[in-house]
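Line by line, the protein sequences give chains A and B.
One point on numbering: in the working numbering, the residue at position 302 of the first sequence is 872, and numbering is uninterrupted.
One point on numbering: in the working numbering, the residue at position 196 of the second sequence is 198, and numbering is uninterrupted.
Quick reminder that beta carbons are idealized off the backbone N, C-alpha and C, glycines included.
No experiment lies behind these values; they were computed from the predicted model shown.
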Amino acid sequence: MAEISFSNLSKNYGSIEVLRNINLYIKDGEFIVLVGPSGCGKSTLLRLIAGLETITGGEISIGSQIVNDLEPRDRDLSMIFQSYALYPHMDVARNMGFSLEIRKENKDKRQSLVAKAAKTLGLEDYLDRLPKALSGGQRQRVAMGRAIVRKPRAFLFDEPLSNLDAALRIGMRFEIAKLHQKLGATMIYVTHDQVEAMTLADRIVVMNAGEIEQVGTPIDLYEQPQTLFVAKFIGSPSMNIVPASQSDDGIELPGGKTVKPGGWSKNLNPVQLGFRPEHLSLVEIGKADCTGKAIVTEHLGSDTFVYVDVKGWDPVIVRQRGNSNIQSGTELGISFDTSRLYMFAKDGKTIRGTDT
Amino acid sequence: MTTLSITHSKRIVASLARTLALACYVVFALFPIYWLGKIALTPSKELFKNGTAWWPDSTTFEHFTTVVLHTDFLVFFQNSMIVSVSTAFFVTLFASAAGYAFSRFQFRGKNIAIFVMLLTQMFPLLMLIAPIYRIVSGLGLHNSLTSLIIVYTAFNIPFATFLMQSFFDGIPRDLEDAAMIDGCTRFQALRRIVFPLTLPGMAATLGFVFTAAWSELLFALMLIDSNEKMTFPSGLLNFVSKFGVDWGQMMAAGILALIPSCLFFIFIQRYLVQGLTSGAVKG
Numbered sequence: 571m572a573e574i575s576f577s578n579l580s581k582n583y584g585s586i587e588v589l590r591n592i593n594l595y596i597k598d599g600e601f602i603v604l605v606g607p608s609g610c611g612k613s614t615l616l617r618l619i620a621g622l623e624t625i626t627g628g629e630i631s632i633g634s635q636i637v638n639d640l641e642p643r644d645r646d647l648s649m650i651f652q653s654y655a656l657y658p659h660m661d662v663a664r665n666m667g668f669s670l671e672i673r674k675e676n677k678d679k680r681q682s683l684v685a686k687a688a689k690t691l692g693l694e695d696y697l698d699r700l701p702k703a704l705s706g707g708q709r710q711r712v713a714m715g716r717a718i719v720r721k722p723r724a725f726l727f728d729e730p731l732s733n734l735d736a737a738l739r740i741g742m743r744f745e746i747a748k749l750h751q752k753l754g755a756t757m758i759y760v761t762h763d764q765v766e767a768m769t770l771a772d773r774i775v776v777m778n779a780g781e782i783e784q785v786g787t788p789i790d791l792y793e794q795p796q797t798l799f800v801a802k803f804i805g806s807p808s809m810n811i812v813p814a815s816q817s818d819d820g821i822e823l824p825g826g827k828t829v830k831p832g833g834w835s836k837n838l839n840p841v842q843l844g845f846r847p848e849h850l851s852l853v854e855i856g857k858a859d860c861t862g863k864a865i866v867t868e869h870l871g872s873d874t875f876v877y878v879d880v881k882g883w884d885p886v887i888v889r890q891r892g893n894s895n896i897q898s899g900t901e902l903g904i905s906f907d908t909s910r911l912y913m914f915a916k917d918g919k920t921i922r923g924t925d926t
Numbered sequence: 003m004t005t006l007s008i009t010h011s012k013r014i015v016a017s018l019a020r021t022l023a024l025a026c027y028v029v030f031a032l033f034p035i036y037w038l039g040k041i042a043l044t045p046s047k048e049l050f051k052n053g054t055a056w057w058p059d060s061t062t063f064e065h066f067t068t069v070v071l072h073t074d075f076l077v078f079f080q081n082s083m084i085v086s087v088s089t090a091f092f093v094t095l096f097a098s099a100a101g102y103a104f105s106r107f108q109f110r111g112k113n114i115a116i117f118v119m120l121l122t123q124m125f126p127l128l129m130l131i132a133p134i135y136r137i138v139s140g141l142g143l144h145n146s147l148t149s150l151i152i153v154y155t156a157f158n159i160p161f162a163t164f165l166m167q168s169f170f171d172g173i174p175r176d177l178e179d180a181a182m183i184d185g186c187t188r189f190q191a192l193r194r195i196v197f198p199l200t201l202p203g204m205a206a207t208l209g210f211v212f213t214a215a216w217s218e219l220l221f222a223l224m225l226i227d228s229n230e231k232m233t234f235p236s237g238l239l240n241f242v243s244k245f246g247v248d249w250g251q252m253m254a255a256g257i258l259a260l261i262p263s264c265l266f267f268i269f270i271q272r273y274l275v276q277g278l279t280s281g282a283v284k285g
């Protein structure tokens, strides 16, 4: 078990800067999720922690030890890969016990540790199979078994669920959460799936173009995104973003009305306005802040997503609880929860109102 | 019902046509070997009597016994064995190391090295014979098996390197990364994870180079003069004399020379098949 910290970390490939100015402190036992679009540098950061890539500048420390120049095998970490990376010529038991074999642990100890891990993961019946005789979910379980057998200082996950189908992914997500509770180990998890990030993380690190955009608990990021990027990235379906122009009474809406977001004052000059689908309500046209036509409705059973075409805006998504029976083409009135409106400045930063 | 039986019979016809085409190809490919065997078994007296009959009136093993007991065949065979096995061994060793480096590392001059290796494949061998003869003589290696081993190794390394590189490219890097995180050094990861997985590739390279060296004639003719250093392909020409060709013995020697290649391929065959079908990671 260990805390991990980065200070002023950077990584270049030749003249291409992949990561810059990364500062982060990860507490012992914390579940941190690195999330961001492809190419944002999250996997590179994970590989830097593992020692599979060398850093260009700054420092990484694990526990109280600076590990910049330490070989991967001396860092005492476990990593779980998207491709599972099981050794194809070894059976499941040997795959799981390989790290112990390399460390020359005696056979009895190896077998008992492998058996214990296999029991935790429900793999007892597969120990003598080769990886090619296992399903995707089973392979990922073996990869997890290989990681836990050694009791490392921290676990690194590199998009471990991306190769699994949707149902299996949810099951394995639950397994990983259980594993974290049981082991209480530091875990760093890379994903581009914001639902995985929200459900698993103690804290989420949102990355964009080689930099940390925001760090916070899932609810922090959802309720108080500091930038437009985070606002759009966190939440599913993502936040509606529309252009904003300001008048004396607030922000102008299509149809002539204005709306005053919480903490609004005249000198804020936002260029964009954001609101989540769940913070909109459909009301009678007379009482509405603005109106539009329903284009498409998606029925999920528990919720209905209505895509509304509001003049001058991209389609706005409205979330309705339960099964809402709205036909496409229907004229709808939209009302805003003004305390849940987000304003964004030209530089992409969230504008904080005076009273928030 | 009729449409169903029509498609059914169509399928049978198609399958028959496929089998027939394959059979034609196999007959075409194997016919010279059949002819080799036929002549090797025909007594010398009957060779020119029967014309192109499918099978001689009487058969004999006398050519085989003569070749083995009364000619230098065993010496040729031994020389070929030494040259081919050594060449296959050295080429596979160097090509594996080079292929791994090309596959896994970025280094200065990598592209130039690859280009130069490709370049060596572009010249016809005939152009290179004279300079190589001069070099070998200059080094005092003329008429030695060592000269053949060196020349064959040099000529086979580029292609074998590309072959091995593609095998290493097929082994996901994640496996080595996982091994290094599990506690291996890079060399241990290579030895314990990558090496066992590349065995099929190495077997293919060994087989390819062995066969190439086994049947090489041009350099063998050029660099070797004496009978006791000759390899099998040049030795075979000994059966041609001023007064005639001893077809029976030549063919018998040919049959015997096929045996090592066949045995070698039977031995590596399972690695070749395994190499094409092993699913390393996803799936």
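Using a Cβ-Cβ cut-off of 8 Å, state whether residue i counts as contacting chain B.
i, result
"L622(A)", "yes"
"F668(A)", "yes"
"K919(A)", "no"
"P642(A)", "yes"
"E901(A)", "no"
Could you list which residues in chain A have their beta carbon closer than 7 Å to that of residue i, in chain order?
i, result
"D176(B)", "F651, S653 and A655"
Does the distance from the CB of residue i to the CB of residue j come in under 8 Å?
i, j, result
"T67(B)", "L150(B)", "no"
"D873(A)", "I904(A)", "no"
"K857(A)", "E901(A)", "no"
"I625(A)", "I596(A)", "no"
"V603(A)", "T761(A)", "yes"
"G628(A)", "S585(A)", "no"
"L589(A)", "A620(A)", "no"
"P847(A)", "A814(A)", "no"
"L753(A)", "A713(A)", "no"
Which bits of chain A does residue i rub up against, with CB to CB less than 9 Å?
i, result
"L199(B)", "Y657, P658 and H659"
Can you pull the chain B residues whose beta carbon is under 8 Å from the beta carbon of residue i, in chain order?
i, result
"L647(A)", "I183"
Which residues in chain B sit within 9 Å of residue i, going by Cβ to Cβ distance?
i, result
"I672(A)", "A181, D184, G185, C186, Q190 and R194"
Name, please, each residue of chain B whose Cβ falls closer than 7 Å to the Cβ of residue i.
i, result
"R739(A)", "Correct list: empty, because the minimum Cβ distance to chain B is about 15 Å."
Give me the Cβ distance between residue i and residue j, rounded to the nearest whole Å; I'm assuming they're in contact under 8 Å.
i, j, result
"T920(A)", "A801(A)", "7 Å"
"V211(B)", "N145(B)", "Between N145(B) and V211(B) the Cβ distance is about 23 Å, and since that is not below 8 Å, they are no contact."
"F914(A)", "G844(A)", "6 Å"
"I887(A)", "P807(A)", "5 Å"
"A97(B)", "T163(B)", "4 Å"
"I268(B)", "L208(B)", "About 13 Å separates the two Cβ atoms, so there is no contact after all."
"D598(A)", "T756(A)", "6 Å"
"Y154(B)", "E218(B)", "6 Å"
Is any heavy atom of the ligand FMN found at a distance shorter than 7 Å from the C-beta of residue i?
i, result
"P807(A)", "In terms of ligand content, the structure shown is empty, and the ligand FMN therefore cannot be addressed."
Do we get a CB-CB distance below 8 Å when we pair residue i with the residues of chain A?
i, result
"K284(B)", "Annotation note: pLDDT 38 at K284(B) (below 50); position unreliable, coordinate value reported separately. Closer than 8 Å: yes."
Could you say if the segment 703 to 721 of chain A and the segment 732 to 745 of chain A meet the contact criterion of at least three C-beta pairs nearer than 8 Å? yes
Is the number of C-beta pairs between the segment 83 to 96 of chain B and the segment 168 to 188 of chain B that are closer than 8 Å three or more? no
Any contact between the segment 34 to 44 of chain B and the segment 251 to 262 of chain B? By contact I mean 3 or more CB pairs, one from each, below 8 Å. yes
Is there contact here, the segment 124 to 139 of chain B with the segment 98 to 112 of chain B, by at least three beta-carbon pairs under 8 Å? no
How do the segment 131 to 141 of chain B and the segment 70 to 82 of chain B stand: do at least 3 beta-carbon pairs fall below 8 Å, yes or no? no
Spell out a yes or no on whether the segment 597 to 616 of chain A and the segment 653 to 669 of chain A are touching, meaning 3 or more CB-CB pairs, one atom from each, closer than 8 Å. no
Contact between the segment 670 to 681 of chain A and the segment 690 to 702 of chain A: three or more CB pairs below 8 Å? no
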